[in-house]
Amino acid sequence: MNRRHPTLEWLLAYAGGSTAEAADAIMASHLTLCPQCRRTVARLEALGGALLDATPASSQSDSDEGAAAAIAAAAARARPPARRNTGSLHALTPRPMADFIAAKTGTADIQSLPWRFYGPGVQRAVIVSGAAGAVARLLRSQPGTALARHDHGSDEIAYVLSGAYRDETGLYRTGDVQCATEKAPHRPVIEGPDECIALVVSEAPPVPTELVARLGQLFLGR
Ligand SMILES: [Zn+2]
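Mind the numbering: the sequence shown is residues -15 to 206 in our numbering, read in order.
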C-alpha cells in the first residue's frame, strides 16, 4: 500500500527511545501497519542509542491557539455523517493508540471521549494538555469538511485513526502519519464518504537535523 510515513527524524527519535508518549503511540501504531517503517526502525535500533545520548532535545511548544482560531473560523459545510464511528477504540485503531487514549481519558469508548464543538463539522477532544509535554488532541471531522488554511505554533505530527484527509502535500489515509513543520501552512479537506478522526500532536522531533541527514546518507541511502 502506498502509505504516508513518519519522517526519518521521527523514526530515529522513536528508535532511540526519545519520543514522548503521544508521539510514541503514533509511531507504534503506524509501525503495526507498516512493514517498511518497521524495517527502518530495526536498522536504526541496530545502530544503538549512543549517538542520540549526546544530543540536546529541541524546544517544544504547547500552543496550538493559532490553528485553533483558524479552524474555529473555518467556513465549512456540515453534512450528515455517512458513517460515524462508535464502540471501542480498540476496534478502530491499533492497540498502542487505543491504549494511549484510554489511559489519558479514562475511557475506550469513542462516543464517551471528551468531544467539544471546534468548528462547523469538526469536534475536538483534548487528550493531553499542559506545559509539561506535547499537546495531543483528537480532531473528528465530518465528510466534506474543509478546515481553514493554517500554520502551527510548533512542529506537528498527526496520525489518522479513521477516514482520510487531503492537503497540499497529498492524501493521508487510516494508519498514515503526517509530519508538518512550524512554517508550512496547510488546508486539510476531509476525503471520502466517512468521518475522519486524527490524533494531532504539537511536538518537534527531538533529534537534530544534521545528525539525521548524516545517518540518512550513511545507512538508509536517502
Ligand atoms: Zn511507514
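Every residue, glycine too, gets a C-beta built ideally from N, C-alpha and C. The structure presented is a predicted model; accordingly, all values stated were derived computationally and were not measured.
{"Asked": "DSSP-derived helix/strand/coil call for A26", "Found": "helix"}
{"Asked": "L15 beta carbon near ligand 1 (any heavy atom closer than 8 angstroms)", "Found": "yes"}
{"Asked": "Identity of the residues DSSP links to I174 by a beta bridge", "Found": "Y149"}
{"Asked": "Spatial distance of R171 from T(-9) (CA atoms)", "Found": "20 angstroms"}
{"Asked": "In chain order, each beta strand (DSSP E) run of at least 3 residues that lies wholly inside the stretch 83 to 166", "Found": "100 to 103, 106 to 112, 119 to 125, 140 to 146, 148 to 151, 154 to 157, 161 to 164"}
{"Asked": "S146 versus A30 - alpha carbon distance", "Found": "32 angstroms"}
{"Asked": "When A188, E(-7), E5 are compared against E140, the one with the closest alpha-carbon", "Found": "A188"}
{"Asked": "Cα-Cα separation, A12 to A(-1)", "Found": "10 angstroms"}
{"Asked": "Check: V144 C-beta below 8 angstroms from any heavy atom of ligand 3", "Found": "In the structure shown, ligand 3 is absent; the only ligands present are ligand 1."}
{"Asked": "Residues bridged to L183 (per DSSP)", "Found": "L122, Y143"}
{"Asked": "Cβ-based neighbour list, R67, same chain, cut-off 8 angstroms, excluding 5 preceding and 5 following", "Found": "P177, D178, E179"}
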